[in-house]
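First up is the structure itself, then whatever we jot down about it.
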Amino acid sequence: MNDASGNWNPPASANLQKLQKLLADAERETGDTAALDSALRAEGLRHAHHFLTGVAHYQTSTVKRDLPDAPVVWQAGNTKLRDYAPGNKTARPVLVIPSLINRYHILDLDHGQSFLRFLAAQGLRPMLVDWDSPDEAEIRFTLDAYMAHRLLPALTHVIEVSGQTPHVMGYCMGGLLALALAQLGGDAVQSLSLLATPWDFNQTGLTDILRNGSLTSIINDAGYMPVDMIQSLFALQQPLQVFKKFRDFGARIAKPVDGYDNRRFVLVEDWLNDGVPLAAPVATQCLTDWYGRNTTKRGTWSVGGHVINPTAVKIPICVIIPQQDRVVAPAAALPLAHAIPAAHLLQPDTGHIGMMASKRAESILWRPFLSWIASLA
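Just so we're aligned: 106 in our numbering is position 106 of the sequence shown, and the numbers increase by one with no gaps anywhere.
Here it is as structure tokens:
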């Protein structure tokens with residue numbers, strides 16, 4: 001925080017200047033600011049009350065995700081492959097790769113709110129990589145090891161059981177893994193879709209924080225990157241976001257708003273709070289290569305001895321960049337789309353989580369994505 005001008009946080013600057021003007025006007029007109037001070041205090045207490053109400057309601061909620069798990073059709077270590085349409089043997093498979101730091105449940109959130117089940121209902125065969133928590137071997141994996149011993153074998157299995165090359169899709173960090181898999185897999189991949197995938201890590205808002213060498217020391221000492229550390233680092237991107245979302249949740253509990261789904265809020269929060277640790281070698285690679293050296297954007301990131309180059313992937317590619325994404329800023333993801341001139345670009349008016357969990361997700365993303373897949377037939 002540089003000063004009191006709001007320059008430390010440009011979006012807050014305009015609001016701060018308005019508040020300063022209100023205070024100055026009140027003092028000039030009345031000679032004191034007691035009334036304004038009282039109003040501000042009351043407003044602050046109202047916001048605090050809604051926040052505490054939201055937290056209390058979440059902590060006591062009995063809402064739980066109750067979708068049945070899709071069957072496991074392949075497993076290596078703790079990594080599983082789940083088949084969302086095992087009965088549809090002729091359907092084109094879609095190999096879906098989520099991030100290593102979150103469970104896959106945001107893609108399969110609830111009854112009537114599951115991207116994976118939507119794809120299955122539309123005649124595709126989603127096959128999901130369920131990373132789970134790393135086992136004793138996986139906790140020592142590098143990204144290269146995940147590729148060689150998990151993703152490439154999973155891709156091979158998908159082709160063997162379906163008799164077809166799959167569409168490959170990656171979500172967030174999973175998009176980078178999907179890109180590498182598509183390049184290394186060559187003709188074994190039908191198309192590639194990259195959802196909210198960072199490419200220019202200098203635009204993520206976390207670069208200065210994650211370049212701190214002490215983080216690497218802590219991770220190496222522990223042998224993994226703890227879930228609490230991962231959550232804390234992302235919270236630093238938006239320091240007030242936790243307060244705001246529980247404040248708004250509490251306000252809607254007190255005064256229900258049509259169309260607001262309290263159940264969905266709880267399910268998303270449960271997903272956010274149920275992360276998995278990241279293997280120390282992978283975490284170190286992410287901090288050093290991606291955030292430290294920006295190797296993706298600079299064209300020096302390699303997996304399995306191969307420099308990963310988007311232009312080397314000669315299959316149809318769809319890049320999906322939510323316009324309101326606060327986790328992977330559009331400025332961090334757009335350079336990937338720009339690096340692939342022939343890419344089909346979708347920019348839904350939603351956020352990182354909203355593209356899977358909002359009521360509008362099907363209309364603003366899922367169906368446009370499905371139309372693109374259909375156009376490849």
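Where a beta carbon is used, it is the ideal one built from N, C-alpha and C, also for glycine.
What you are looking at is a predicted structure, and each value in this text was computed from that prediction instead of being measured.
Query - Distance CB(G54)-CB(F246) smaller than 8 Å - result: The criterion of a C-beta distance shorter than 8 Å is satisfied by G54 and F246.
Query raised in the report: Terminal residues of the continuous beta strand (DSSP E) containing T79?
Result: 79 to 83
Requested in this report: Please classify R360: does DSSP put it in a helix, a strand, or coil?
Outcome: Coil at R360, not helix or strand.
Query raised in the report: Skipping 5 residues on each side, what residues in its chain have a beta carbon closer than 7 Å to that of M104?
Result: Looking at the sequence itself, residue 104 is Tyr, so the reference to Met does not match. Answer for Y104: P98, L128, D130, listed in chain order.
Query raised in the report: In angstroms, rounded to a whole number, what distance separates the CA positions of T197 and M356?
Result: 15 Å
Query raised in the report: What are the start and end residues of each continuous alpha helix (DSSP H) run of 4 or more residues lying completely inside the region 167 to 223, in chain order?
Result: 173 to 185, 207 to 210, 213 to 222
Query - the region 294 to 311 in contact with the region 163 to 180 per 3-pair CB rule at 8 Å - result: yes
Query raised in the report: When we look at the beta-carbon of G259 and count the other beta-carbons within 10 Å, is it buried (16 or more) or exposed?
Result: With a pLDDT of only 49 at G259, under the threshold of 50, the placement of this residue in the model should not be trusted; the figure read from the coordinates follows. It counts as exposed.
Query raised in the report: R82: buried (16+ other C-beta within 10 angstroms of its C-beta) or exposed?
Result: Label assigned to R82: buried.
Query raised in the report: Closest to K244 by CA distance: which of V227, H50, I353, S38 is it?
Result: H50
Requested in this report: Kindly give me the distance between the Cβ atoms of L345 and A339, rounded to whole angstroms, as I take these residues to be in contact under 8 Å.
Outcome: Their Cβ separation, rounded to whole angstroms, is 12 Å, which puts L345 and A339 out of contact at 8 Å.
**Report entry** Other residues of its chain near P281: CB distance less than 7 Å, five sequence neighbours each side excluded
**Finding:** R140, F141, T142
Query raised in the report: When you compare each of L19, R360, D200, T311 to G292 by their alpha carbons, which one comes out closest?
Result: D200
Query - Alpha carbon of A35 to alpha carbon of K18, nearest angstrom - result: 17 Å
Report task. Using alpha carbons as the reference points, say which of T284, E138, C172, Q75 lies closest to T204. Result -> Scanning T284, E138, C172, Q75 for the CA closest to the CA of T204 turns up C172.
Query raised in the report: What's the gap between the Cα of V307 and the Cα of I218?
Result: 29 Å
Query raised in the report: What's the gap between the Cα of P335 and the Cα of M147?
Result: About 24 Å.
Query - Rounded C-alpha distance that separates S191 from G223 - result: 36 Å
Query raised in the report: Any chance the CB of L67 is under 7 Å from a heavy atom of the ligand FMN?
Result: Absence of the ligand FMN is noted for the structure shown, with no ligands found whatsoever.
Query raised in the report: Start and end of the beta strand (DSSP E) containing H344?
Result: 344 to 346
Query raised in the report: In whole angstroms, what is the alpha-carbon distance linking L195 and R41?
Result: 43 Å
Query raised in the report: According to DSSP, is Q122 helix, strand or coil?
Result: coil
Report task. Determine the DSSP secondary structure at H306, reduced to helix, strand or coil. Result -> strand
Report task. Rounded to whole angstroms, what's the CA-CA distance from G275 to V227? Just pull it up for me. Result -> 6 Å
**Report entry** Through-space distance from V161 to A188, alpha-carbon basis
**Finding:** 14 Å
Report task. Could you please give me the residues that DSSP links to P93 through a beta bridge? Result -> Under the DSSP definition of a beta bridge, P93 partners with R125.
Query raised in the report: For S214, which of A39, T284, S38 has the nearest alpha-carbon?
Result: The candidate whose alpha carbon is nearest that of S214 is T284.
Requested in this report: Compute the distance between the beta-carbons of R92 and R125, then report whether it is under 8 Å.
Outcome: yes
Query raised in the report: By DSSP, does Q75 sit in helix, in strand, or in coil?
Result: strand
Query raised in the report: Applying the criterion that 16 or more other CB atoms from any shown protein chain within 10 Å of the CB defines a buried residue, is P348 buried or exposed?
Result: buried
Query raised in the report: Helix or strand or just coil, what does DSSP make of D130?
Result: strand
Query raised in the report: Who does I317 pair with in a DSSP beta bridge?
Result: According to DSSP, which records beta bridges pairwise, I317 is partnered with L192.
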